[in-house]
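Trainee:
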Amino acid sequence: MSNHKEHPFNAVLVDGARIPFLKSGTDYNDLMAYDLGRMAIQGLLARNPIDPSSIDRVIMGNVIQEVRTSNIARESALGAGIPNSVPAFTIAMACISSNQAITSGVDLIRSGQANIILASGTETMSDIPIRFKKKFRQNVLAARKYKSPLEFLKFFKGLGFKDFLPELPAIAEFSTGETMGQSADRMAARFGVSRQDQDEFAMRSHHLAAKATKEGLLDEELIPAKVPPKFEVVNHDNGFREDTTMEKLGKLRPAFIKPHGTITAGNASFLTDGASACLIMEEQTALLLGLKPKAYIREYNFVSQDPGDELLLGPAYATPKVLETMNLALEDIDVFELHEAFAGQVLSVLNALDSQEFAKKSLQRDNKVGQIPMDKLNTLGGSLSLGHPFGATGVRLVTTAANRLIREDGTFALVSACAAGGQGHAVILERYK
Amino acid sequence: MSYINITTKESVAILSLDKPGEKVNTLDESMMAQFEEFLETLESDDSLKGAVLISGKENNFIAGADIDMFKARETAEDLEQLSKDGHSILNKIEASSKPFVVAIHGSCMGGGLELSLACDYRIATNHPKTVLALPEVKLGVIPGTGGTQRLPRLIGIQKALGYMLTGGNIYAYKAKKIGLVDELTHKDALEEAGIKAVHKLSESGPHDRKDKRSFVEKLLEGNPVGRNIIFSQAKKKTLGQTKGNYPAPLMIIESVKYGYQKGLKKGLENEAPLFGEAGATSESRALVNLFFGMTDAKKNPLEKKVSPVQHIGVLGAGLMGSGIADISINKGGYSVLLKDQTLEAAVKGEKVIWDALNTKSKKRIITPFERDQLSSKVTGTDSYEAFGKVNLVIEAVFEDLDLKRKIVAQVEEVTNDNCIFASNTSSLPISEIAKGAKRPENIIGMHYFSPVQKMPLLEIITTPQTADWVTATAYEVGVKQGKTVIVVNDGPGFYTTRILAPYMNEALLLLEEGASIEFLDKSMKKFGYPVGPMALLDEVGFDVAAHVGETMAPVFNARGGKSSMKAQELMDAGYLGRKNKTGMYTYDGKKKESNTNIYSFFGGNSRSNPDIETAQHRMALMMVNEAVYCLQENILKTPTDGDLGAILGLGFPPFTGGPFRYIDRHGAGAICDLLNKYSEKFGPRFKPAGILEEDAKNGKMFY
Chain D
0 MSNHKEHPFN AVLVDGARIP FLKSGTDYND LMAYDLGRMA IQGLLARNPI DPSSIDRVIM
60 GNVIQEVRTS NIARESALGA GIPNSVPAFT IAMACISSNQ AITSGVDLIR SGQANIILAS
120 GTETMSDIPI RFKKKFRQNV LAARKYKSPL EFLKFFKGLG FKDFLPELPA IAEFSTGETM
180 GQSADRMAAR FGVSRQDQDE FAMRSHHLAA KATKEGLLDE ELIPAKVPPK FEVVNHDNGF
240 REDTTMEKLG KLRPAFIKPH GTITAGNASF LTDGASACLI MEEQTALLLG LKPKAYIREY
300 NFVSQDPGDE LLLGPAYATP KVLETMNLAL EDIDVFELHE AFAGQVLSVL NALDSQEFAK
360 KSLQRDNKVG QIPMDKLNTL GGSLSLGHPF GATGVRLVTT AANRLIREDG TFALVSACAA
420 GGQGHAVILE RYK
Chain A
0 MSYINITTKE SVAILSLDKP GEKVNTLDES MMAQFEEFLE TLESDDSLKG AVLISGKENN
60 FIAGADIDMF KARETAEDLE QLSKDGHSIL NKIEASSKPF VVAIHGSCMG GGLELSLACD
120 YRIATNHPKT VLALPEVKLG VIPGTGGTQR LPRLIGIQKA LGYMLTGGNI YAYKAKKIGL
180 VDELTHKDAL EEAGIKAVHK LSESGPHDRK DKRSFVEKLL EGNPVGRNII FSQAKKKTLG
240 QTKGNYPAPL MIIESVKYGY QKGLKKGLEN EAPLFGEAGA TSESRALVNL FFGMTDAKKN
300 PLEKKVSPVQ HIGVLGAGLM GSGIADISIN KGGYSVLLKD QTLEAAVKGE KVIWDALNTK
360 SKKRIITPFE RDQLSSKVTG TDSYEAFGKV NLVIEAVFED LDLKRKIVAQ VEEVTNDNCI
420 FASNTSSLPI SEIAKGAKRP ENIIGMHYFS PVQKMPLLEI ITTPQTADWV TATAYEVGVK
480 QGKTVIVVND GPGFYTTRIL APYMNEALLL LEEGASIEFL DKSMKKFGYP VGPMALLDEV
540 GFDVAAHVGE TMAPVFNARG GKSSMKAQEL MDAGYLGRKN KTGMYTYDGK KKESNTNIYS
600 FFGGNSRSNP DIETAQHRMA LMMVNEAVYC LQENILKTPT DGDLGAILGL GFPPFTGGPF
660 RYIDRHGAGA ICDLLNKYSE KFGPRFKPAG ILEEDAKNGK MFY
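Chains as they are written, first to last, in numbering that gives the first Met the number 0: chain D, 0 to 432; chain A, 0 to 702.
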């Protein structure tokens, strides 16, 4: 058996849920990330018998900030009917924001500061902040000090036509200026991942997501979204393509490195809107409330590397580390949930873990970590097919992993994800028996 | 302890109104006296620049005049004097050489608003609890301390008449927009804003107020001809609505008109006798009694046995279910799981609630965020998941005994032992629904009226098995939901449906005898019902009416009643009423017209109406007599419950005071004679109830 560290208080996952993840510009188009966040929280609370005032902290991951709701955790919590007396904070850690939300909650529980944590994440890519050019912004701010109407003429001084055009933010690394797609494309080449491999993995993800949806395997983690003002009910994710084929994927052109790149729109995750929420409790608190926990949240770690060359390789570092802390081998893990930013990125991670060279050079260990069996990996689809609302993915991964542990009668699950900035995360769940 | 606590800040007298031992401030003699005293001090004390009137209560400025004071005076002369006393003080405030600023937070009603109108400057908080109104008309009187004079001069005649004739609420944002208040501020800055305003007024003279009326309003109100048009239109519209049953609205119009013809001073002098006259009418007295009945009903007689409720489960998300969910979250502050068979159906209910809140946010009564926060308290669902946490389940599903029993079993399965099961049935006996239940002591009837958001009554039905804590808790929930609650014993149709059934039956019999649809509705509206029986039948639906008729028939047949079978026949022929647009009226065209096709069920197209008084009495007395039967058979516990139930649930004319006060007013003897006369002529269903005959013999009254 494992030898995880003993903590005075154990953190358990009681329930986790998400509203369906939708392609940006579809049914959630008119909503704010705040709306998605409160819908996820409300849905989770409605199906659980806990008094919202007994929650000790609301933690929410969110990446693309809307200025009006900069502490979106607080606004979402209040909007979902959580009383004023419950503090809330927001975490921005790129794609692992809600992983950090969960582990911050675990820390609060382990250190005896909290018994009930609501960890969550939300993101909309349908309404990202589009800004005016710097020069224009400066003039607008300066105009606040204008006193006479005549002074407004100054406003146009030095502004060219281009300064009036809006500026769309790109998903690029601030430190390197490289987009994530470019970086992933380079990494795939480094680890010898072919276009064919990537398309196959993407197709697998889409087909598995379609199958899981059809068989109702995701129902447990889904709460229907009721979209105001018409209150149309959204029951399922809409991003997976059941009918995708190698032929269709093969026709797509490289999206980032032209003409010889391997990453296309078909084997990358798409822009997504969505939110998720989970309840983490101190074990005895949950039991006293008559709740049956799904899983223990055991050891976890965060890692970081060079945002240039190893931007999305975090899981290859985090995974062996967390296994070691838990004294577990790859074979002990029954359920793997890996975040799929790009098919090429997942496959690079898998190759790295299975590489003797990578083990020696980068991990300073004698033997490779091993091969993750495909039949245990992301069997209900992943970010490529279900979608990837940055701030909300972490809670989805953990929730799905816990539900799979129970359904597949396993003991340990490993969840791992990469994030912009060259960071990564891994956590081990142990099924609650 | 004194009513007004006076302190001085920055040379400004702060008058904090805080009626000792009460939740809200009401204007009474002790306050008036203290005010009078202060006025003298203010005039003589040179160090004081002016005064700020503010409330020491939470979320209340002044709830209006003390109604006990009003009730204690019965003659027109005494009431007139009351009005004159008020005028005298308000005139002094208005005439004072020093500025009076009123700082309003919370409800500011009736006399409270009239007091504010006499001040030089009005500040209100931009808070959802800040509401202004002149609701006097609801008590059958007119605003009697200058309201009919000062309000139209401030906001315009048409707007003022609108508010005074309906007694409608004016929220802070709107009040500012129409010029009723001069400034909005937040709650904590209120006093400071008041002080500043006094200084400003004292330095630079009276506030220069912008005329906020629209161009058309100014045009029409600016000359005597235009004003006459306004007054005659208002009168016409009022008569159309009141059918002449309520004198107060006409007196309001009269008072405003007089003031514009003769000037403010004469207008005020004329207001007092009009107030006295209105207050002494039997209509006003009945409305005041109704008010007291409603106030008393807010007190839970079993307060100590209430068990806490946090989560309510509502089954059925239709009109009824969503209405119950609405008042549960918005008024009661409960969280609600709204269940229907499909998620889509449940979400429709959620949408109804959201839409209403969204409308409120558009009117700036609440913010969009508050809309989100409130609407998050209701969650539509298609499963019983999480019903384990629910303390009270209210079912509003189809009226079918087997279905309801099935639902009782399902709910008992998924809820804990302390969960109350309430049925919103309108006719099925609760004890029948409870048959076979595992926890019959937890079962109770909570009969709401449609539309739930508007209808003020909740009829609670207890069976001999219902536990006291269950009744106590249901009562508490009802009061929190903003309802006036009556508790009655179980029986077919309980109280309200039981007295409605013979009334509707009589209407159908009259139709069978040859009366026309319009005639029947017109007669009863003239009698004082808000809706006529035919239109009501359409709303209820022939299917429901037939079902109720069938449930109730044994009760009436045992007394030799004559049941019209027409509702059943119409239903069998596919007529359902408004819901499928085939009823007594047509609902396709723009204009509501009677559906002449339906006359083929009632003897053909040639109609002959009886005289209106006979028709009115036949229908109304069926209801009145049945109410007495309910008291006699212990369905009703008190006549007050009976009067409240009939007025608030069924629209029995409020100015009569309810069936029992109606009898008292006309005399049990006279009513008995009429009933006996009809009994001979139309059949034994009119036979007076036993206790009514006894009362007639002994000259007894119900009150």
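Note that CB positions come from ideal geometry on N, CA and C, so glycine has one too. Predicted model only: the values in this text are computed from it and were never measured.
Using a beta-carbon distance below 8 Å, is E343/A in contact with chain D?
Mentor: yes
Trainee: For S275/D, which option in A100/D, V66/D and V348/D has the closest C-alpha, if you only look at C-alpha atoms?
Mentor: Checked all of A100/D, V66/D and V348/D; the closest Cα to S275/D is A100/D.
Trainee: Taking C-beta to C-beta, are K137/A and G105/A nearer than 8 Å?
Mentor: no
Trainee: Is DSSP giving Q480/A helix, strand or coil here?
Mentor: coil
Trainee: Please name the residue or residues paired with I92/A in a DSSP beta bridge.
Mentor: Looking at the DSSP assignment, I92/A forms no beta bridge with any residue, so it has no partner.
Trainee: In angstroms with no decimal places, state the Cα-to-Cα distance between S115/A and I92/A.
Mentor: One C-alpha to the other measures close to 10 Å.
Trainee: For a contact meaning CB atoms closer than 9 Å, what does N357/A contact in chain D?
Mentor: From the beta-carbon of N357/A, the residues of chain D found nearer than 9 Å are P227 and P228.
Trainee: Is there a C-beta anywhere in chain D that falls below 8 Å from the one on T465/A?
Mentor: no
Trainee: With 16 as the cutoff for other CB atoms within 10 Å, does G492/A come out buried or exposed?
Mentor: buried
Trainee: If you drop the 5 nearest sequence neighbours on each side, which residues of the same chain put their C-beta closer than 6 Å to that of T284/D?
Mentor: N114
Trainee: When you compare the CB positions of T265/D and F20/D, do they come within less than 8 Å of one another, or not?
Mentor: The sequence given here places Gly at residue 265/D; Thr does not occur at that position. Against a cut-off of 8 Å, the Cβ pair of F20/D and G265/D comes out as no contact.
Trainee: Quick check for students: name the residue ranges of the alpha helix (DSSP H) that lie wholly in the stretch 329-393 of chain A, counting only runs of 4 or more.
Mentor: 342-361 and 367-374
Trainee: Nearest chain A C-beta to L77/D closer than 8 Å, yes or no?
Mentor: yes
Trainee: Compare the C-beta of N266/D with all C-beta atoms of chain A and state if any pair is closer than 8 Å.
Mentor: no
Trainee: Note down, one range per segment and in chain order, each alpha helix (DSSP H) of at least 4 residues found wholly within the stretch 548-611 of chain A.
Mentor: 565-571
Trainee: Whose Cβ in chain D lies nearer than 8 Å to the Cβ of A385/A?
Mentor: A45, R46, N47 and P48
Trainee: So the candidates are T462/A, E220/A, D642/A and V224/A; which of them puts its Cα closest to the Cα of F290/A?
Mentor: Distance from the Cα of F290/A is smallest, within the candidate group T462/A, E220/A, D642/A and V224/A, for D642/A.
Trainee: Please report how far the alpha carbon of M0/D lies from the alpha carbon of M179/D, in whole angstroms.
Mentor: Residue confidence for M0/D is low, a pLDDT of 48 falling below 50, so the modelled location carries little weight; the figure read from the coordinates is stated next. In a straight line, the C-alpha of M0/D is about 39 Å away from that of M179/D.
Trainee: Can you list the beta strand (DSSP E) stretches of 3 or more residues lying completely in the stretch 472-547 of chain A, in chain order?
Mentor: 483-488
Trainee: Buried or exposed: which applies to P658/A, given that a residue is buried once 16 or more other Cβ atoms fall within 10 Å of its Cβ?
Mentor: buried
Trainee: Please classify Y120/A as buried or exposed, where buried requires at least 16 neighbouring CB atoms within 10 angstroms.
Mentor: buried
Trainee: When we look at the beta-carbon of H424/D and count the other beta-carbons within 10 Å, is it buried (16 or more) or exposed?
Mentor: Answer is buried; the Cβ neighbour count reaches 16.
Trainee: Among all the DSSP beta bridges, which residues are the ones paired with H424/D?
Mentor: Answer is F301/D and A416/D.
Trainee: If we ignore side chains and look at the alpha-carbon of each, how far apart do L107/D and K432/D end up?
Mentor: 23 Å
Trainee: How should L164/D be labelled, buried or exposed, when 16 other C-beta atoms within 10 angstroms of its C-beta is the threshold for buried?
Mentor: exposed
Trainee: Is P223/D close to chain A, meaning its C-beta is less than 8 Å from at least one C-beta of that chain?
Mentor: Using a Cβ-Cβ cut-off of 8 Å, P223/D counts as an interface residue toward chain A, since at least one Cβ of chain A sits closer than that to its own.
Trainee: Just to check my reading of the structure: N390/A and I419/A have Cβ atoms closer than 8 Å, yes? What is that Cβ distance to the nearest angstrom?
Mentor: Rounded, the Cβ-Cβ distance is 7 Å, consistent with contact.
Trainee: Using beta carbons (cut-off 8 Å, strictly below), is M0/D in contact with chain A?
Mentor: The predicted model places M0/D with a pLDDT of 48, which falls under 50 and marks its position as unreliable, so this point remains unresolved.
Trainee: In this structure, how does DSSP classify H387/D when only helix, strand and coil are distinguished?
Mentor: It is coil, neither helix nor strand.
Trainee: Whose C-beta lies closer than 6 Å to the C-beta of L376/D among residues of the same chain, with five residues either side of it excluded?
Mentor: F335
Trainee: Can you pull out the residues from the stretch 18-48 of chain D whose beta carbon lies closer than 9 Å to at least one beta carbon of chain A?
Mentor: Going along the stretch 18-48 of chain D in chain order, one finds Y33, D34, R37, M38, I40, Q41, G42, L44, A45, R46, N47 and P48 with a Cβ nearer than 9 Å to chain A.
Trainee: Counting pairs of beta carbons, one from the stretch 461-474 of chain A and one from the stretch 609-626 of chain A, are three or more of them closer than 8 Å?
Mentor: no
Trainee: Does the beta-carbon of I309/D have 16 or more other beta-carbons within 10 angstroms, so that it is buried, or is it exposed?
Mentor: Checking the displayed sequence, the identity of residue 309/D turns out to be Glu instead of Ile. By the 10 Å Cβ count, E309/D comes out buried.
Trainee: Can you list the alpha helix (DSSP H) stretches of 4 or more residues lying completely in the stretch 144-182 of chain A, in chain order?
Mentor: 146-154, 156-165 and 171-176
Trainee: Can you list, in chain order, the residues of its chain whose CB lies under 7 Å from that of Y586/A, leaving out five sequence neighbours each side?
Mentor: R577 and K580
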